[in-house]
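Below is one structure; the comments refer to it alone.
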Amino acid sequence: MNALARRAAGLLLSTVCLPLSALAADPQPTHEFTLDNGLKVVVREDHRAPVVVSQVWYKVGSSYETPGQTGLSHALEHMMFKGSEKVGPGEASLILRDLGAEENAFTSDDFTAYYQVLARDRLGVAFELEADRMASLRLPADEFAREIEVIKEERRLRTDDKPMSKAYERFKAMAYPASGYHTPTIGWMADLDRMKVEELRHWYQSWYVPNNATLVVVGDVTPDEVKTLAQRYFGPIAKRDVPPAKIPLELAEPGERQITLHVQTQLPSLMLGFNVPSIATAEDKRSVNALRLISALLDGGYSGRIPTQLERGEELVSGGSSSYDAYTRGDSLFTLSATPNTQKKKTMAQAEAGLWKLLEQLKTTAPSAEELERVRAQVIAGLVYERDSITSQATAIGQLETVGLSWKLMDTELAELESVTPQDIQKAAKLYFTRERLSVAHVLPEETTHE
Numbered sequence: 001m002n003a004l005a006r007r008a009a010g011l012l013l014s015t016v017c018l019p020l021s022a023l024a025a026d027p028q029p030t031h032e033f034t035l036d037n038g039l040k041v042v043v044r045e046d047h048r049a050p051v052v053v054s055q056v057w058y059k060v061g062s063s064y065e066t067p068g069q070t071g072l073s074h075a076l077e078h079m080m081f082k083g084s085e086k087v088g089p090g091e092a093s094l095i096l097r098d099l100g101a102e103e104n105a106f107t108s109d110d111f112t113a114y115y116q117v118l119a120r121d122r123l124g125v126a127f128e129l130e131a132d133r134m135a136s137l138r139l140p141a142d143e144f145a146r147e148i149e150v151i152k153e154e155r156r157l158r159t160d161d162k163p164m165s166k167a168y169e170r171f172k173a174m175a176y177p178a179s180g181y182h183t184p185t186i187g188w189m190a191d192l193d194r195m196k197v198e199e200l201r202h203w204y205q206s207w208y209v210p211n212n213a214t215l216v217v218v219g220d221v222t223p224d225e226v227k228t229l230a231q232r233y234f235g236p237i238a239k240r241d242v243p244p245a246k247i248p249l250e251l252a253e254p255g256e257r258q259i260t261l262h263v264q265t266q267l268p269s270l271m272l273g274f275n276v277p278s279i280a281t282a283e284d285k286r287s288v289n290a291l292r293l294i295s296a297l298l299d300g301g302y303s304g305r306i307p308t309q310l311e312r313g314e315e316l317v318s319g320g321s322s323s324y325d326a327y328t329r330g331d332s333l334f335t336l337s338a339t340p341n342t343q344k345k346k347t348m349a350q351a352e353a354g355l356w357k358l359l360e361q362l363k364t365t366a367p368s369a370e371e372l373e374r375v376r377a378q379v380i381a382g383l384v385y386e387r388d389s390i391t392s393q394a395t396a397i398g399q400l401e402t403v404g405l406s407w408k409l410m411d412t413e414l415a416e417l418e419s420v421t422p423q424d425i426q427k428a429a430k431l432y433f434t435r436e437r438l439s440v441a442h443v444l445p446e447e448t449t450h451e
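Position 250 (the sequence shown) corresponds to 250 in UniProt numbering; numbering is contiguous.
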């Protein structure tokens, strides 16, 4: 957590007479409507500055892909900048740059999104360019032949040549035995080597349609002006049938799995992952919010249990962390990682036992009300600080809508986090932190033996 968010957490804790959620700013006016072609539009007013962010989110990502055809969503993201009916390769970016706009795109397991941040009176330009490539992307073969080499080099630099990134990719592939989440977003190199531009054209035709997209606009705008512009530029695009997309559900208890990897690294490391639901898939939403707070209990800055007990206390590890993404289309993963304190002659087995001890503590003893309130304040302060920017607001809305949830959840989640009790924490720990849900990765320096 950054310094400003920590300061905000301190202010939240000092005002104990108020519910923490009441200390967040009132939600900005937010409106939604759907065009006749199925394009959903969400507009959130924020009139603090004459700036607007426009984002188009497509419900397609690497979890939609099949074996042998991985990396299509990410490759198509690259090709979306290579020319359409109105502009040639790179020309849209030049137009936006000349307007002083910021633009980019990103692909994940669950979605692909494109965004522009620009002056409010230039929103129509962003819409025109975005609608043009939604309707008439060119996908020239020569541009693809060049770009796929760029993508392969990106994979080498970000994954293949980075031992810990490569190890995490292998760990994730093992941890998701049943769903598309085992697929790396960038794709496997063997699939990139044999990818054809015709596959990308089919992927584009299948998924890049208005009825499979959400347009999110946040900033100094009104819903009426956004609706007028959206109808002008996106309205003429015809809707098409979209392939059925099943939710990526995992085996609830696939059994304990373990992998040992020898990579070019100086220090050994350990990863634990537990198959757990997301907010989209959980029957008990309260347990998911409990998992979010458990992650903060374990790894909530200086006073988290990992640094307090395992780093500074027993000196079992030199570093550790926990993470959990509640906002996925399918089932998620609760992960823990640690580096054994080799200076103190601590082993991988001791570090793993230390992490398990923390999990068993959560099962046997509910956290104190004081500890839970401290952690809750940190989480809420981080969310409040993060949502201050219009880009973060738009991204939160787009992600929620694209994984099958409602944008309204971002305005209610603080109260939902506030309702979690110490007993909810204990219940979630007992339910989810079991050997039957566990994946373990031991990452060792090359030419060493497993301890």
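Every residue gets a Cβ at the ideal spot worked out from N, C-alpha and C, and that includes glycine. Note that the structure is a prediction, hence the values are computed from the model and not measured.
Worksheet entry | At least three beta-carbon pairs within less than 8 Å, the stretch 334–342 to the stretch 315–324 | yes
Worksheet item: What residue from Ser368, Ala349, Ala252, Arg312 has the CA that sits closest to Glu436's CA?
Response: The shortest Cα separation from Glu436 among Ser368, Ala349, Ala252, Arg312 belongs to Ala252.
Discussion item. Taking contact to mean 3 or more Cβ pairs, one atom from each stretch, closer than 8 Å, check whether the stretch 163–178 and the stretch 254–270 are in contact.
Written reply: yes
Practice prompt. Take Thr412 and list the residues in its own chain whose beta-carbon comes closer than 8 Å to its own, dropping the five residues that flank it on each side.
Written response: none
Worksheet item: What distance in whole Å lies between the Cβ atoms of Val117 and Val53, which are believed to be in contact at a cut-off of 8 Å?
Response: 5 Å
Worksheet entry | Cβ shell of Ala351 (< 6 Å), same chain only, five flanking positions each side left out | Leu270, Leu316, Val317, Ala338, Pro340
Item to complete: Report the residue from Leu417, Ser406, Ala119 whose alpha carbon sits nearest the alpha carbon of Asp98.
Response: Ala119
Worksheet item: Which parts of the stretch 356–388 are runs of the alpha helix (DSSP H), unbroken and 4 residues or longer, counting only runs that do not cross its ends?
Response: 369–386
Discussion item. Measuring straight from C-alpha to C-alpha, what distance separates Leu137 and Pro307?
Written reply: CA-to-CA, the gap between Leu137 and Pro307 works out to about 50 Å.
Fill in: beta strand (DSSP E) runs wholly inside the stretch 58–114, at least 3 long, in chain order
102–107
Worksheet item: In chain order, what residues of the same chain have a beta carbon less than 6 Å from the beta carbon of Met174, not counting five sequence neighbours either side?
Response: Arg257, Ile259, Ser439
Item to complete: Using only alpha-carbon positions, find the residue among Gln69, Lys40, Ile279 that is nearest to Thr183.
Response: Gln69
Discussion item. For Val150 and Gly61, what's the separation of their Cα atoms in angstroms?
Written reply: Going from the Cα of Val150 to the Cα of Gly61 covers about 19 Å.
Worksheet item: Is Thr365 buried or exposed, if buried means 16 or more other CB atoms sit within 10 Å of its CB?
Response: exposed
Practice prompt. Decide if Tyr58 is buried, meaning its Cβ has at least 16 other Cβ atoms within 10 Å, or exposed.
Written response: buried
Worksheet item: Could you give the distance in angstroms between the alpha-carbon of Asp325 and the alpha-carbon of Gly404?
Response: Straight-line Cα distance between these residues: approximately 15 Å.
Worksheet item: Among Asn37, Glu373, Gly354, which one has its Cα closest to the Cα of Gln231?
Response: Asn37
Worksheet item: Who are the near neighbours of Gly180 in its chain, counting only those whose CB is closer than 6 Å to its CB and skipping five residues on each side?
Response: Ser63, Pro248
Worksheet item: Excluding five sequence neighbours on each side, which residues of the same chain lie with their C-beta closer than 7 Å to the C-beta of Ala49?
Response: Asp220
Worksheet entry | For Thr107 and Gly417, the rounded distance between their alpha carbons | It should be pointed out that residue 417 corresponds to Leu in this sequence rather than to Gly. Roughly 28 Å separates the two Cα atoms.
Worksheet item: Of the residues Asp424, Ser84, Val288, Leu298, which one's Cα is nearest the Cα of Lys357?
Response: Leu298
Worksheet item: Who are the Cβ neighbours of Ala282 in its own chain at under 7 Å, not counting the five residues just before and after it?
Response: The beta carbon of Ala282 is closer than 7 Å to those of Val288 in its chain, skipping five residues each way along the sequence.
Worksheet entry | Boundaries (first-last residue) of the alpha helix (DSSP H) holding Glu413 | Judged by DSSP secondary structure, Glu413 falls within the alpha helix (DSSP H) whose first and last residues are 413–418.
Discussion item. Suppose contacts are defined by Cβ-Cβ distances below 8 Å. Is Phe81 in contact with Gly90 by that definition?
Written reply: yes
Worksheet entry | Residue environment, Arg146, which counts as buried when at least 16 other CB atoms sit within 10 Å | exposed
Discussion item. Output needed for Gln361: all residues of its chain with C-beta closer than 8 Å, excluding positions within five of it in sequence on either side, in chain order.
Written reply: Arg305
Fill in: Residue from Ala213, Trp203, Asp284 with nearest C-alpha to Leu72
Trp203
Worksheet item: Which whole-angstrom value is the C-beta distance of Ala113 and Leu200, which I expect to be below 8 Å?
Response: Rounded, the Cβ-Cβ distance is 18 Å, inconsistent with contact.
Fill in: Integer-rounded CB distance, given that Phe234 should sit under 8 Å from Leu39
5 Å
Worksheet item: According to DSSP, is Asn341 helix, strand or coil?
Response: coil
Worksheet item: Per DSSP, Val51 forms a beta bridge with which residues?
Response: Ala119
Practice prompt. Taking Thr214 as the reference, give the member of Tyr432, Gln55, His31, Glu77 with the closest Cα.
Written response: Gln55
Discussion item. Tell me the rounded alpha-carbon separation between Leu123 and Asn275.
Written reply: 42 Å
Worksheet item: What is the DSSP secondary structure of Ile259, counted as helix, strand or coil?
Response: strand
Fill in: Distance between Pro223 and Lys427 (C-alpha atoms, nearest Å)
Across the structure, Lys427 and Pro223 are spaced so that their CA atoms are roughly 43 Å apart.
Discussion item. Looking at the strands, I want to know which residues DSSP matches up with Lys40.
Written reply: Thr34, Thr214
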